[in-house]
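One structure below.
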Amino acid sequence: MEYTNASNLPKAIERAVSNDPYSSKGSNISATRLIAPPRIRVLEMRNWDLLKEDVSDKIFALLGQSVHHIIQRSKQRVDLSERRLFYKDDKITNGWTLSGSFDYLERDGRLIDFKVTSAWATLNALENPKPEWENQLNVLDFLCRKNQKTLTSYSKPVKVRSLSIMAILRDWSKLRVMQSDNYPKKQVVMIPIRRWTPEEQDDYIKARIKLHQDAEKSSKLPLCTAKERWRKEDSYALMVDGRKSAKRVLPTKEDMAQYIKANKMVEGQGCKVVFRKGEDVRCMHYCRV
């Protein structure tokens, strides 16, 4: 991987990005990689030396890492934080070593992952649980379960009892709080995450390991699913004069025509319908392979 610096950012920032301390050394696959599409992982492995990324595109990731440094600063002997765990067997991981690092495990059993994210993503996650977050925390829960003997506080075992995301909102606005009823009231939001049964965790990890192992051996890589591509389908937006955002967004032209008729509106008289072409958001804007 080669890092470029098109914005001529300070060398300190350039070094901070390129000297990422995270390493999956000692394992075949990490929790983060396990939940990612096999196609992306294998393509990155095969073409790592050819990849380029600009340091300016890694600033949010850098902010996320800064939170971990702050938590380390507050660490006490009673705390379980930034612990990297490993697990390997023949039944679930099929001979591979799986690794993962959790952010913080409270003595009462709440496993917490810190995310620096947007207010919009947080609002969306509260209404529609984010699969990536649920998958990641359940994989970490699995690793905690398999390494239970090592997770102690003052010689007492600490067992995971619940899962949570602590979302730190990088774009939070106090003005938006006064303008919207559902906007987050504070810069940080705790989001409970559904905890799977041990059997569900085992089955998920076993299936994901197989997908990645098969992909590594294949000359024809599996395509990413629509969900993995963050697919946004075609849609129709109703724009009303004097308003910046759409009044309504619907999947088909027929649905929009019915909506306009039901609301006694006439297209071209104070409103218009705008076609929004769908796209694979991850592929177009976030995938580096």
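Residue numbering for the sequence shown follows the numbering used here, starting at 7 and increasing by one per position. Ideal Cβ placement from N, Cα and C applies to all residues, glycine included.
| query | result |
| --- | --- |
| Have a look at Arg249 and Ser241 and give me their C-alpha separation to the nearest angstrom. | 19 Å |
| Check each candidate in Ile77, Thr158 and Asp119 and name the one with the smallest Cα separation from Arg113. | Thr158 |
| What span of residues does the beta strand (DSSP E) with Ala243 cover, start to end? | Ser241 to Val246 |
| To the nearest angstrom, report how far apart Leu104 and Leu132 are at their CA atoms. | 29 Å |
| Are there three or more Cβ pairs, one per stretch, closer than 8 Å when the region 86-98 is compared with the region 168-186? | no |
| Output needed for Tyr93: all residues of its chain with C-beta closer than 6 Å, excluding positions within five of it in sequence on either side, in chain order. | Leu104, Leu149 and Lys152 |
| Note down, in chain order, each residue of its chain lying with its Cβ closer than 8 Å to the Cβ of Tyr265, except the 5 sequence neighbours on either side. | Leu244, Arg254 and Leu256 |
| For the candidate residues Pro198, Arg282, Met184 and Tyr9, whose alpha-carbon lies nearest to that of Ile65? | Tyr9 |
| If we ignore side chains and look at the alpha-carbon of each, how far apart do Ala232 and Ser80 end up? | 41 Å |
| As a quick exercise: from Ser62, Leu229 and Ser36, pick the residue whose alpha carbon is nearest that of Ser13. | Ser62 |
| Taking Cβ positions, are Ile211 and Leu49 nearer each other than 8 Å? | no |
| Count the other C-beta atoms from every protein chain shown that fall within 10 angstroms of the C-beta of Gly276, then say buried if there are 16 or more, exposed otherwise. | exposed |
| Return the first residue and the last residue of the beta strand (DSSP E) that Leu256 is part of. | Arg254 to Leu256 |
| Pick helix, strand or coil for Pro44, following the three-state DSSP scheme. | helix |
| Taking all protein chains shown into account, do 16 or more other C-beta atoms lie within 10 angstroms of the C-beta of Ser186, making it buried, or fewer, making it exposed? | exposed |
| Inspect the beta-carbon positions of Trp102 and Ile215 and report whether they are closer than 8 Å. | yes |
| Kindly indicate which residue of Lys226, Lys180 and Ile199 has the alpha-carbon position closest to the one of Gln357. | The question about residue 357 has no answer here: the residues shown for the chain are numbered 7 through 295. |
| Mind checking which residues open and close the beta strand (DSSP E) that includes Ile174? | Ser168 to Leu175 |
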